[in-house]
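Chains as they are written, first to last, in the numbering used here: chain E, 114 to 271; chain D, 29 to 225.
Each residue gets a CB set at the ideal place from its N, CA and C atoms; glycine is no exception.
As structure tokens, the structure follows; a few thoughts come after it.
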């Protein structure tokens, strides 16, 4: 006959421990406490039976009750609907000013133009050419322009 | 008798249907009381094997019966009341244990090892048995949830593998394979614990 290995005997002893745990006796009076808890628990609400058996409630009464309920609901709904008017939508919506992203707003400040001294015109006597100015040679571009105009005039007369 | 009087008389009378309802309710209460008498201790032991606390286990059993009270209309449809009740209490205790996972397990195990019966043993033997129980329960705690659950339920002699499968909502073959895995894992853990010791 095979001898059980130490592991097998360990396992058997472990299962014995679990069986002891499973066989732990229940405390005394457990059933009585359960009965008491079930009695104290709220039962289902008792609903009155609809007395149709025996035909005491006639169908016209039921119909009238239904009609009255429907009338009350419809009247109430109409009353609410007729009093509550939908608000007119706004014609224009002022949008918030959006500044450029990542920059500071100007905080309502007006832009002021540059107020430094403007360039001044030369004095009036500077417009009269002086003798020294006349002695100066004319610029080359101006001379060629005069020469071209004289050429044109000569061709037209011929 | 005017029409209105006859209508009010209709409300005042006890309808035959109400009498039938009362009789049915009485029968259901009697059936529930019989279930309490028959299975309360079994349910308590199942609850205790997981929760390891007397008050918690009793609360779980009470909650299970209150659930049955709420659904007493379905009592007639239940095929096996014992397995059905064990399944209810099993789900309750697992839910409670999940919620109370913050509590350290080691204290519970030490307390439990002290509580386990050790009749006819000397003080020395009792101390050794306590050590052994503590070691086993610590190893069982280290098993994966699925394997641990099967292992704990298999310790109940009144539960066959088919009934364990019904409680856990598994097939019988799954229960057998999980139990096989659980035993192997537990043997490894015990061997490791012995080597460490």
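Under a criterion of Cβ atoms nearer than 9 Å, the residues of chain E adjacent to residue 219 of chain D are, in order, 119, 120 and 123.
In this structure, the CA atom of residue 128 of chain D is about 56 Å from the CA atom of residue 217 of chain E. The three-state reading of DSSP puts residue 140 of chain E in coil, since its state is none of H, G, I, E or B. For residue 175 of chain E, the nearest beta carbon of chain D is not closer than 8 Å to its own beta carbon. Taking the Cα of residue 124 of chain D as reference, the smallest distance to any Cα among D:143, D:86 and D:113 is reached at D:86. Against chain D, the CB of residue 135 of chain E has a partner CB under 8 Å away; the residue lies at that interface. The C-beta distance from residue 176 of chain D to residue 221 of chain D rounds to 16 Å, too long to meet the 8 Å contact threshold. In this structure residue 54 of chain D is exposed. Its beta-carbon is surrounded by fewer than 16 other beta-carbon atoms within 10 angstroms. Interface with chain E (8 Å Cβ-Cβ cutoff): residue 152 of chain D is excluded. In the DSSP annotation of this structure, residue 99 of chain D is not part of any alpha helix (DSSP H), being labelled neither H nor E. Residue 210 of chain D is not a Cβ neighbour of residue 190 of chain D, given a cutoff of 8 Å. Identification of chain E residues near residue 208 of chain D by a Cβ-Cβ cut-off of 8 Å yields none; the smallest Cβ-Cβ distance measures about 12 Å. Contact annotation: in the region 56–85 of chain D, residues whose CB is within less than 7 Å of a CB in chain E are 60, 61, 64, 65, 68, 69, 72, 73, 76, 77 and 82.
Around the beta-carbon of residue 223 of chain E, fewer than 16 other beta-carbon atoms lie within 10 Å, marking it exposed. By the C-beta density criterion, residue 186 of chain D is exposed, having fewer than 16 other C-beta atoms within 10 angstroms. Under the Cβ distance rule, residue 52 of chain D does not count among the residues neighbouring chain E, no pair being separated by less than 8 Å. By the 16-neighbour rule on beta-carbons within 10 angstroms, residue 64 of chain D is buried. Against chain D, the CB of residue 181 of chain E has no partner CB under 8 Å away; the residue lies outside that interface. Under the DSSP assignment, residue 163 of chain D falls in the alpha helix (DSSP H) whose first and last residues are 151–170. For residue 230 of chain E, no alpha helix (DSSP H) run applies, since DSSP gives it neither H nor E.
For residue 77 of chain D, the closest C-alpha among the options E:136, E:140, E:142 and E:181 is that of E:136.
Straight-line spacing of the CA atoms in residue 124 of chain E and residue 215 of chain D works out to 6 Å. Rounded to whole angstroms, residue 89 of chain D and residue 152 of chain D show a C-alpha spacing of 36 Å. Contacts between residue 164 of chain D and chain E, judged by CB atoms closer than 8 Å, involve 126, 127, 130 and 131 in chain order. Residue 206 of chain D and residue 120 of chain D have their C-alpha atoms roughly 22 Å apart. Here residue 60 of chain D is actually not in contact with residue 115 of chain D; their C-beta atoms are around 17 Å apart, not less than 8 Å.
In chain order, 94 and 97 make up the part of chain D whose C-beta sits under 7 Å from the C-beta of residue 154 of chain E. When secondary structure is reduced to three states using DSSP, residue 222 of chain E falls in the coil class, being assigned neither helix nor strand. Taking C-beta atoms under 8 Å as the contact rule, residue 71 of chain D and residue 92 of chain D qualify, at a distance of about 6 Å. Residue 219 of chain D carries a helical assignment under DSSP once its states are collapsed to helix, strand and coil. Residue 144 of chain E belongs to the set of residues whose beta carbon lies under 8 Å from a beta carbon in chain D. Nearest to residue 127 of chain E by alpha-carbon distance, out of D:168, D:203 and D:122, is D:168.
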